[in-house]
Structures are given as C-alpha cells and as structure tokens.
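For reference, the structure is listed below as structure tokens.
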Amino acid sequence: MSLFLVKGLCETHAKRVFQLKIHRRKMHDSSMVYTLIRHRWRKRLPVVSSRRMISTQTKESIDLSKFPVDKIRNFSIIAHIDHGKSTLADRLLEMTGAIAKTDKNKQVLDKLQVERERGITVKAQTASLFYSHHGQQYLLNLIDTPGIQAQTVANFYLAFEAQLAIIPVINKIDLRNADPERVESQIEKVFDIPREECIRISAKLGTNVETVLKAVVDRIPPPLACPNDPFKALVFDSSFDHYRGVVTNVALFGGQVKKGDRIVSAHHSKTYEVNELGLLRPDEHPTQRLYAGQVGYIIAGMKDVKEAQIGDTLHLQDQPVEALPGFKPAKAMVFAGMYPMDQSEYPGLRSAIERLTLNDSSVTVQRDSSLALGAGWRLGFLGLLHMEVFNQRLEQEHNASVIVTAPTVPYKAILSSAKLIKEHGSEEITIVNPAQFPDRGVVSEYLEPVVLGTILTPDSYTGKIMSLCLSRRAVQKNMVYIDDQRVMMKYLFPLNEIVVDFYDQLKSLSSGYASFDYENAGYQTAELIKMDILLNGNPVEELATVVHRNRAYSTGKSMCERLKDTIPRQMFEIAYGGDITRKMKLLKKQAEGKKKMRLIGRSSLASKNSLSDLPAEPLSGSSPNTTRLPHPLFKRVVIMLVDALREDFLFGPNGGTFMPYTRHVVERSSSYSFVAKARPPTVTMPRIKMAVETKPVSNGLLSQHCTQVVHDTANYNYIKALTTGSIPGFIDVVMNLNSPALLEDNLIWQAKTAEKRIIFYGDDTWVRLFPKHFMEYDGTTSFFVSDYTEVDNNVTRHLDSTLKRDDWDILILHYLGLDHIGHISGPYSSLIQPKLMEMDDVLKKIHGALISKEAEGSLPYLLVLCGDHGMSETGSHGGSSEPEVNTPLVLISPAFKRKVGMEKPGVIEQVDLAPTLALGLGLPISQNSVGRVIPGVFQESSLRDQLRFLHLNGHQLNCLLKDSMPSYEKEAGFEQYRVAEKAHGNWMKLYFEGNTSEVLSNMGKKVLKQYLEALAALSSALSKQLGKYDMYSMIAGMVFVFQLLMILLLAMPEALSADAAVDLPVASALLSLPFYLLCLLLASVHVLVCTSATSSCYFCTLSWGLVFVVVAFSSAMFCILISMAVRRLSLGLKYNGKRKYAHLRELPILLIDWQF
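If you read the sequence shown in full-length UniProt numbering, its first letter stands for residue 1, the second for the next number, and so on.
This is the structure in structure tokens:
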C-alpha cells in the first residue's frame, strides 16, 4: 500500500511539471492538500530510492519475523513541489524514532545535491518506520515521491480508478491566510470525499501529524504478499558503492531471503550470493532476514549498476518463479538533443547517461548526430523540469558538461508514399527530432499531441486566463464553479503551446493564484511546418523547430531577434603568414574559438558565465563536493546612483549638514561605508557651448538671448564598471558617443537570465545598453545640462507607487541633477546643498519603505548608495585627481551589524561592487570582472559560505588571469590562490568529518585570510595588465594618420582650384635616397621592438610581407609630404607673397570646445 500526498483544491494549485525554472514564490495558498493512497505493487508507477551511508549511531538487531503481512503498511506521499512532502516525511521519521528530533532535520530523504539545492524531491526515497498503535507494533514502509511529475487532479483519478485507499491531508494550517474549511468543501464537491475524512496538519510544526500515522494503520490494508510462496522480489532502485558494489532496493512479494542465500536475476539470469541485507530507516540498517511484504536493500556482489535493472525480479537459485511484470514505461512528453561540449568527452558522457537512465526509467534515449555538434543523443523527458534536473545531475554527479538543444514534443505524420511506408514499416511515424520532419509532399496529414488541461483560479481572473488559453489554440471543454469564488476550467491544449512558458504567464496573469494540471489526451490533426533558422545563409539544424503554420512568423521573428542580440558580430576569417610559432598560437586560439562556436545549439550563444560553469567546492582527498552557489543573501536590491557624488559630500565635515539622514545611517545603522575609487577616464561625452548672443530690444537695452549649455552625461564608463566589474579604457570614451547594447557579460544580463525582475528609472543610457532587460523603465535624456530639477523629478515621481509593489527584485535609480549643477557652477555652488538634501530625502523614503515591507523570516533587503565619479574643483571630471575619482559607497541592510559611531570608511575599488552584488543575489560573477568581493558584506554568513564566496571570486579572477596573461604562472596571486584553494580543501575535509573544535574555526579564518590576500594580488595584476596600452601600435597609427592629414592639407588648394587637379610627386619620392633610408630605419625599429622579450603589440603579429608594405607606404608618404612642402614653399617665394589662388573663398571653421 502506498500513501500519496496529492495537491488538492486550494488557493494556489501545484507547480507544473514542465516548467523550466523553479522559483521560490510567496505562498498564497490558504492551505495545502494532500491525499494518502493505498498502493498495489503491480499497479504502481516507478518508485525510486537511493542509499545513504550507514549511520554512526548504534544499530540494534531487529527481528523482522515479528512483522507478518497484516502488521505491514506500505504508503507513499504525493504532492506538488513546495507543498510539504519532504517536511511531512521528516516529521513522520521523528515521531517514529527513525531519526533524532533536531532543528537540522530538513529534507532528510532528499539525498541528491540537486534536491537540496532546489528544495524538490527528484527521486522517490524509501524509509521503514516502526509505529505502535493500540498496543500493536506495525512496520510502515514510507515512499516520498518525486515532485517533478504531475500529481494533482489527474493522479487522484488514476488512484481512484485503481481502487486505492485515499486519505486527504490538508497541510500548512499554521499559515495566517489558511482556510481549511473552504478547502474541505472543495474536496467534498470535486472528489466526493466526505470532509470528515480530511486530516488537518502542519508538517512544519508537527501539529496533528500523529493522526496521519493512525489513519495509515486504520485505513490502509496490508500489502498483497504471501509469506508461504517462494522468495520473489521486485527491484525498484539501485545505487553503486565503490567498496561494496551495487546496492539494490527491493520489495518482497513472497517468501523470505537471508544472508548467504544464492539469488538469481530473472532479467540477466545471473546468480549472486547475498552478502548483506536490511531496512532503510532511512539509513541502511542491516538485519538477518527480509520477509514478504517488506521493503529493504540487498547487497549481493553485483559489480555494475547495469546488473540491477529497474523492474527486474529476484528469486532463489533453487526456487525459480514467474517474473513480475515490472513497471509500465513512462511516456516521454518533451524531447531534446544532448551533445558533449567536445567529441573527446563522448565516451564519458555516454557512461554518465547510461548510469542515470538505469535508475530513471522514465528517460528515453536514442542516438543522434549533428554536423555542427557531432555525435550525441535525443533524450525524452516527462517535462522541462525533468530535463533540467537530469542535466544538472549530469553536471554534479558525473562532472559532465553538455549542450542541450531546444526542447520539442513528439509529433506524428501519416505517410502517403508507399516507398516510405515500406521503409518505416508503418503508415504512421513519430517525429521527435525536427531535423527528421518529413516534407509535406510525402505526408497526407500531420498530428500533434494534445493534453487536457485543468485550471483552477479565482473568478476575478477568468477573462484574462480565457484570453491566454485562446491565444494558445486551446479549445474549452468545461467550466464550473467549485465554490462562490473559484472556477475550474478544462481546455484541450496542443502540448507544444504549453510546454515552455504557459505556466509562467498563467501565474503572472493571476498574481500567482491560478493552478494548472494536465493529462495526455492523444493526438489531433494540425497544420504543421518545419521552420529553419539560417545563420550567414546556412541552416542550423540545432535551431530548427516544428511550429503551427499560423505561428511561424511570430516564432521566427522572436527567435531571430534573440539571436541578433546574442551572436557576436565579428565572425570572419583572417589570413596569416609569418613566424610558425606565432601561427601555432593563433591556431590554438582558433581551436578554442571553434569550441565556443559549438554552443550554437544552446539557448544563449554569447560567452557569458552561467551556474553550470561554477567550480566545485574543493575537497582534499576526494571528489569535488558541490558546484552550488550559496543561497542568496538579499531578496531585494535598490541601487541609488547619484551622478558626480563626491566622497566629501557625505564623509566630509559638511556631510551631516548636506545629507543628515544618510550620515546618521552611516554612523548608527546597520551599514557598511567605503570610499570607492573610480578608474580614469571618468569622462562622459563632450559638451558643446553655444555663444551668448546679445540682441537689442524695444526699450533700447541689450538682453542676453539663448544662453544654453548642453551636455550628455551618458556615463558609459561607470555603467560598465558597475555592471561588468571591468576597468573602462580610452576606447570606452568613443563608445560613449553612441552607447550601443552591451554584449559583454554583465550583472544585468545575469539577473535577467536568472529571471530577476528589474526596474530602472533615470539616465536613458542604461536603456540603450540593456535593451529588453528591464521589466519597467523610464529613461531620462541627460543632454540638457542646464536642467537639474526635472531630470531628477522624473525619477522620484515613480518611487511612491514602485516601493509599494512586490513584483520586482532589483530597482535601479540614476540621478543626474548633482552632476549638472557641478558643470554649471562647480562643487561650491549654493545649489549643491539643496540638491544633496533632496537626495537625502529620497534615500530616507526608500529606506523607510524597505523597512516597512521587511517580513520576518524572509531574506533581507540591500540598499546601495553610490556615485559614478566625483568632480574637480571646477565641477568637471575626467582626470585622476582624488576629488574626481573618490566616491562614497554605502551598503545598508538589516543583515549587517549595527554601528555605534562614525568609523573611517575603508577604501575599495569601484569594480568591487559588481562581484559583491552578483554573489549577494545568487548570480555568477561576470567573466571579465577584475573586482574582488567586499568581505564585510558576507561576515554574517556561515564560515563555509564565506569561504565559498571567496573561492568563486578567486576562480573567476584566476580564469581571467589565464586568458589575459601568457605567463600567468609567474604571478604571485596565481600561486597564492592555489595555496588557499588547497587549504580550503583540507578545511572542507575536516568539516565533513563533523569536526566542531576550535581547530576548524581557526583554520577557516586562516583560509579566509589566504583567500583575501590572493584576491588582492590577482585583482591588482589584472588591473595593471588591463591598464597597459600598445604604445608602439598607437604611435605608429598616429604617425600614419598625421602623414595622411598633412598631405591632404597641402593638396587642398590645388584640389579646390579651377583645374581641380592634384599633382603628387610619387615617382620622385620612390626614387629618392631618403625613401630607402627611411625604409631601412623603420624596418630596424620594427625588428627591435618585436624581438624584445616584453613585446606583445598588434603590429608584431602581422606577417613580414605585410609589414614591408606598411613600412614602404609610410616612407613613401613621408617623402611625398616633404616634396609637397618644399614645392609649396618655393611657390610662395616665387610669387613674392601674391596669392595664386585668390579666387578661393575662405573656408568656414567650426571651433568645438571639447571639455571633460
């Protein structure tokens, strides 16, 4: 018998199985409903479990013969994600004495890393419980089922049709908005279960959980097993131990088995000797025997997991039996191609997939190949969540990196060609790979899979949801009111219309209150076409997809827009000739580039960090422990950026006058304060001053007219430093002029990828740099520097409404008014104090709103106050003086310790904010970041998490160092990081051994110090490297441009004359002696520069043939320039000051005041 905890009709229904991303959302449920269902082994869907190492606690010998079949109950827990299955299992284990009652009992049965990270059950887990009821001892076999399968209304009816005993359990009655009475009435109306049978519990608090155990014994009959029959057991899971071999989980249907018995696998016909057997409580508990009706584990010397086939039957060697029917294969609903990152990894990936699919029989595997990606597989899954979990397990448990193509659903085609029918052996074929989609000319009709979807929602959202369903080609089948406020609607959906983002849109439209469930409903005729995506004129097989004809244009347009924003533009071949060693280096880089190009089948083609790229925690003497990111530190982040905010405006003697509330927060509140040093150039765009024009007016006086100063503070440099953590260079000054979309890996992109909801108000440069990244935005043009009022009011006007909302995660505010005042009248203007007090009031408003919405038990907020650059004594910026580069950085959060007085702010680099925000939000650090995390932000985290944060930052800097410097091994930071990482591994080993002494704490603090020193050295080395410029190439380029400019200036009078003819003395220049001397001189200089040990300039990478052409051309231009200058001088002397070109008009000259 089995206990199913099935999500019933409550305020928020179950999370869908096919959703790609799992997010922790605020629960709107009044209560959670579960159902306990009796289990008949032969009718059971696959149940899987995994082994845990033997507990260190003393194992008492248990005589299982005292538990005949009538004293055994087998039950399962079935419910959707986040509805408390694992929490209820923890309470049941505590109440029956299987585990000690401690605060650490969370997800005890969730043993996989992916389960603990996501908070979901991926594999069904088994535990045997001993429970005393009315003076009788009972053996209860518990199965905690996965949360990645659809387990709501559809599964209830499956259990009902199988005549399984059902016990409804209403969980989370401790919530403030719980309404169990209403849920009971819904259960009674929809499922026809009397409300008296419902059990109200709080699994979290343990309230009334004892009643569940009593109901299991009273309402669930014993299993169908006969102790007098020969031994017969069903294999339902297995795992591998490097010392003991395969550990097989079995359910006994007859007889008994003991240690030393010879057993046979009906599937493989192999014989084994039982070395150990016992119960799972949930740890392995060895016993002498196992009897009919019981569930346990057997270790019998199997050397390979393949020998323990799921669904196999075990029996005694001398007592053969008829094999059990096993499990009915699950039907795959979503298919995707899976390929190794490199074909050399194919054997390892094949082994990893085989191991996972052996104990996850719901995954179907079919070999596949691709011209772009090579050999791989086409895998079938129950849904997108199942696919994502499988991929994550590959990475975590087998260290395999894979490329996954876009998911698709299985289509069918009715063939009309006799030849194809003969070839396939059937008129109807199933298509799981879009590349194999048959042409319309050989098909009579296409069929697409459809599902019957059930939506439960408050009636106030009915109209919006009906429109959503109609837009997905759904056909309404039914609509009933289950009470006076909630509606149940049934629609027939094409599966491909709901498989990706339907659930997320449904939740968004209904403010999280609607729920969705579906069941297979067969196939229907559809107008389907294959849509190919062409890159550079060539179709890419991995981007092909099957769509409905009416959806082809919109789907193709959407995909092309995403590809346009993602694929880098500079993809062209460069010919090379020259030194063979340099050529080999370029070929090596080209090979690495081709490897990156193989990512073309992924959803994101740009080279950016992702969670799958994270290194494992170091663990000395063992395999890597985990690739997880520590949990996010902050739920919400507000970034208030005040342009040109000097550090002395806040930390100086007048800080208490200019910004009193902020100064109080700095001195007395939970905050950290720093002086952030911006790297020059802190330049914005050039400003154009128009002359002051005076005009007479009617009264005879003069009035000044049209005095206007325009200035674009499109501060590309700071935005880049803030979001990428990289140091802006002089090339970014040029980028300022246009501010195109930022393709470099950055914090905003990472947040958007992680589905963080971002709102922005302020300088519209952000909108141009990050198109389609903001959920909501209002960009303000910064071109009119004379405006220092409306430019800020346009930001502040949104605050009242935005701060009251709960639908955002990151709020960015960019205020420009202070910078404009500085440009107009300098830092000592009378306008400065009112503007700073205005900013102080804004921060006070934000801080107060965040405090008022702080919920107990939830993650804290983070409020960031910062400047992009300072201003000089004249109000400008662009230099490297301290007033221009020193800005305040204040981090405010209840997660920090409260201060008791003013402390001298520490000094950090401006780029340090980017990695700090990334890790604080649970995001990967941007690839090109040279910043190091601000350690104070993570001081309240556990020592393990602190070490993990520094390890991740060090790994990212180390990778950047390897990519940026050929001789990276010589850098002190590289070796320091290796030493710190090794020490970290030793600390982890002690940590997992359960060491809680002072030695562990002192050792951890020492590792922290080593990491911080390594990060400082790595960041410094990278900053210096990125600050180096190719001076040789820059000088050569400037000379080249200067020569051309001078030739054009000297030739201009002739070109503008009546003859419009220019006579360039090319022949005389090439035949002159200075030409050959210059060629020899420039060639010598080039050889000396390029053969020096420290040379790494661009010109040195050119072939010698091309260098000769450049040298000759530059020498020729110099000789031509000298000849033209001499000729012009002689003409001037000849005409004795008379102008030969007197008919030429004067050339207008525009003087531009280029100021920084």
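For every residue, glycine included, the Cβ atom is placed at its ideal position computed from N, Cα and C.
- Query: Who are the Cβ neighbours of Pro615 in its own chain at under 6 Å, not counting the five residues just before and after it?
  - Reply: His955
- Rounded to a whole number of angstroms, what is the C-alpha to C-alpha distance between Gln910 and Leu850? 25 Å
- Query: Who are the near neighbours of Gln524 in its chain, counting only those whose CB is closer than 7 Å to its CB and skipping five residues on each side?
  - Reply: Leu447, Glu448 and Val450
- Query: Does the ligand FMN have a heavy atom nearer than 7 Å to the CB of His823?
  - Reply: The ligand FMN is not part of the structure shown, which contains no ligands of any sort.
- Message: Let's test the definition: count the other Cβ atoms within 10 Å of the Cβ of Val264 and tell me whether it reaches 16, buried, or not, exposed.
- Response: buried
- Query: Is it true that the CB of Tyr1032 sits closer than 8 Å to the CB of Cys1097?
  - Reply: yes
- Item | Through-space distance from Thr789 to Thr207, alpha-carbon basis | 58 Å
- Item | Coarse secondary structure for Met690, derived from DSSP in three states | Because Met690 sits at a pLDDT of 34, beneath the cut-off of 50, its placement in the model cannot be relied upon, and the following sentence gives the value as read from the coordinates. Met690: coil per DSSP, three-state reduction.
- Message: Is the separation between the beta-carbon of Val675 and that of Asn886 shorter than 8 Å?
- Response: yes
- Query: How is the beta strand (DSSP E) around Lys258 delimited, first residue to last?
  - Reply: Gln256 to Lys258
- Task: Tell me, please, whether the segment 461-481 touches the segment 529-544 by the rule of three or more beta-carbon pairs shorter than 8 Å.
- Result: no
- Apart from the five residues just before and just after Gly326, which ones in its own chain have a Cβ nearer than 6 Å to its Cβ? Gly311
- Could you have a look at Ser362 and say whether DSSP puts it in helix, strand or coil? coil
- How many whole angstroms separate the CB atoms of Gly936 and Leu645, which I take to be in contact at a CB cut-off of 8 Å? At roughly 21 Å, the Cβ-Cβ gap does not stay under 8 Å, so Gly936 and Leu645 are not in contact.
- Task: Would you kindly check if the distance between the Cβ of Tyr481 and the Cβ of Leu513 is under 8 Å?
- Result: Note that residue 513 is Tyr in the sequence shown, not Leu. Contact flag unset, no.
- Val443 bridges to which residues according to DSSP? Leu415
- Query: Which residue comes first and which comes last in the beta strand (DSSP E) that contains residue 1159?
  - Reply: Only positions 1 to 1156 of the chain appear in this structure, which leaves residue 1159 out of reach.
- Same chain only: Cβ atoms within 7 Å of Gln946, ignoring 5 sequence neighbours per side: Phe938 and Leu1008
- Message: If you reduce the DSSP assignment to three classes, tell me which class Cys226 lands in.
- Response: strand
- Task: Inspect the beta-carbon positions of Ala203 and Gly97 and report whether they are closer than 8 Å.
- Result: no
- Message: On the CB-based measure, 16 or more other CB atoms within 10 Å of its CB, does Phe1113 come out buried or exposed?
- Response: exposed
- Query: Using the C-alpha atoms, what's the distance from Arg1127 back to Met1052?
  - Reply: 14 Å
- Message: So Pro888 and Ser872 are supposed to be a Cβ contact under 8 Å. How far apart are they, rounded?
- Response: Wrong, their Cβ atoms sit about 17 Å apart, outside the cutoff.
- Using three-state DSSP, classify Ser1123 as helix, strand or coil. helix
- Task: Go through its chain and collect everything with a Cβ distance to Arg549's Cβ below 8 Å, but skip five positions before and after it.
- Result: Glu527, Leu528 and Ile529
- Query: Using the beta-carbon count (16 or more within 10 Å), is Phe1042 buried or exposed?
  - Reply: exposed
- Host beta strand (DSSP E) of Cys866 (start-end): Tyr861 to Cys866
- Message: According to DSSP, is Gln476 part of a helix, a strand, or is it coil?
- Response: strand
- Item | Asn496 versus Tyr243 - alpha carbon distance | 46 Å
- Inside the segment 1063-1097 only - alpha helix (DSSP H) runs reaching at least 4 residues: 1066-1070 and 1073-1090
- Task: Please confirm whether Phe231 and Val257 have their CB atoms less than 8 Å apart.
- Result: yes
- Mapping DSSP to helix, strand and coil, what is Leu36? Note that Leu36 scores 46 on pLDDT, short of 50, meaning its location in the model is unreliable; the coordinates nonetheless yield the value given after this. Three-state result, Leu36: strand.
- Message: Based on DSSP bridge pairs, tell me the residues matched to Arg200.
- Response: Ile170
- Task: Using the DSSP secondary-structure output, state which residues sit across from Glu276 in a beta bridge.
- Result: Ile299
- Distance between Ala1069 and Val1109 (C-alpha atoms, nearest Å): 16 Å
- In three-state DSSP terms, what is Gln647? Inspection of the sequence shows that residue 647 is occupied by Glu rather than by Gln. Coil, per DSSP.
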